[in-house]
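Q:
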Amino acid sequence: MTVPAPGRPGRSGPARPADVPGPSDDEGWAVVLPVKGGDGAKSRLAAGAGAALDIALDCLDAVLGCPEVDRAVVVTAHPPTARAVGLAGAPVVPESRPGAGLVAAVRDGLAALAGSPGPCAVLLADLPALRPGDLGAALRAAQAALRRTGGPAAVFVPDAEGTGTVLLAAGSAAAIRPAFGPGSAAAHALAGAARLDLDLPRLRRDVDTAGDLRTAAVLGLGRRTAARFRTGDAARHRSGDGARRPGG
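Reminder that position 163 of the sequence shown reads as 163 in the working numbering, one-by-one numbering, no gaps.
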């Protein structure tokens with residue numbers, strides 16, 4: 001189920017109900033970023049919690065620098081991550097059920113934005129090469145798809161492999177039905193979200209393994225991640241590559 005690029009004919013996916021308008025051009029986006037934090041975050045990178053936090057903060061920098069974004073919240077149960085996010089300039093939503101998983105954390109963030117007008121997106125925070133312009137382009141494409149007459153109620157951008165999801169967006173927080181996890185691209189399509197196969201490699205390159213990180217480095221890492229992997233952690237990643245788990 002692939003949504004054509006703006007300006008191209010055709011549509012796919014379940015239609016948005018006629019009485020539910022899509023986002024208007026002048027509405028800014030709210031963005032939810034779930035961040036696991038702690039020793040278990042990005043364990044297959046074998047680089048520790050500090051690396052996972054650097055990746056998340058670089059991703060957050062891109063969100064906060066994106067003109068299309070009016071508001072961003074980070075969901076985490078990890079106090080050091082919450083402190084770092086606060087210093088970076090974003091509000092933190094504590095997980096209501098720590099350890100309950102990614103979908104539960106996303107729902108906490110969506111609940112915090114329930115009263116916010118305008119469109120909403122969930123962005124995974126393991127995108128260390130993301131730039132504000134990449135996110136802006138994705139949100140504009142999502143907005144165009146959502147605004148079409150009879151368009152979908154939600155859209156998603158798959159990861160580089162095409163099986164996971166890096167971005168899930170809708171006209172409001174209440175319209176988002178998260179299904180993150182292994183095979184999430186298929187799960188989101190099954191739930192009615194339309195697929196946007198955008199040519200935005202920095203957005204679609206999530207990082208779970210050393211191989212992913214090397215690919216992201218070619219695209220250009222954010223400043224924190226680049227600094228970390230220029231130093232001692234870099235040697236660790238030249239020696240091995242974990243198997244990538246499908247989906248996100």
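We put the CB at the ideal spot given by N, CA and C, even for glycine.
Can you give the Cα-Cα distance for A52 and A191, rounded to whole angstroms?
A: In a straight line, the C-alpha of A52 is about 30 angstroms away from that of A191.
Q: If you follow the beta strand (DSSP E) that F156 is part of, which residue opens it and which one closes it?
A: A154 to P158 is the extent of the beta strand (DSSP E) around F156.
Q: Ignore the nearest five residues each way along the sequence and tell me which others in A174's own chain have a CB closer than 8 angstroms to its CB.
A: Excluding sequence neighbours, A174 sits near L110 and A114.
Q: Classify T225 as helix, strand or coil using the three-state DSSP reduction.
A: In this structure, T225 counts as helix in the three-state DSSP scheme.
Q: Are the CB atoms of C120 and A169 within a distance shorter than 8 angstroms?
A: Yes; because the gap between Cβ atoms is below 8 angstroms, this pair is in contact.
Q: So L124 and L203 are supposed to be a Cβ contact under 8 angstroms. How far apart are they, rounded?
A: With 8 angstroms as the limit, L124 and L203 do not qualify as a contact, their Cβ atoms being about 10 angstroms apart.
Q: Could you give the uninterrupted runs of the alpha helix (DSSP H) lying entirely in the stretch 147-193, keeping only those of 4 residues or more?
A: Correct list: 184-190.
Q: Cα separation between T163 and D206?
A: Approximately 12 angstroms, taken between the alpha carbons.
Q: Count the other CB atoms, across all protein chains shown, that sit within 10 Å of the CB of D199; report buried if there are 16 or more and exposed otherwise.
A: Looking at its Cβ environment, which holds fewer than 16 other Cβ atoms inside 10 Å, D199 is exposed.
Q: Quick one, which of V106, A153, A227 and A226 has its alpha-carbon nearest G181's?
A: When each option's Cα is compared against that of G181, the closest is V106.
Q: Looking only at its chain, what residues have a beta carbon closer than 6 angstroms to the beta carbon of P98, apart from the 5 residues adjacent to it on each side?
A: If we look at P98 and ignore the five residues flanking it on each side, its Cβ neighbours are A77.
Q: Which of the three DSSP states, helix, strand or coil, is assigned to D70?
A: It is a strand residue.
Q: Measuring alpha carbon to alpha carbon, tell me which residue in E161, D54 and T165 is nearest A154.
A: Checking every option, the nearest Cα to that of A154 belongs to T165.
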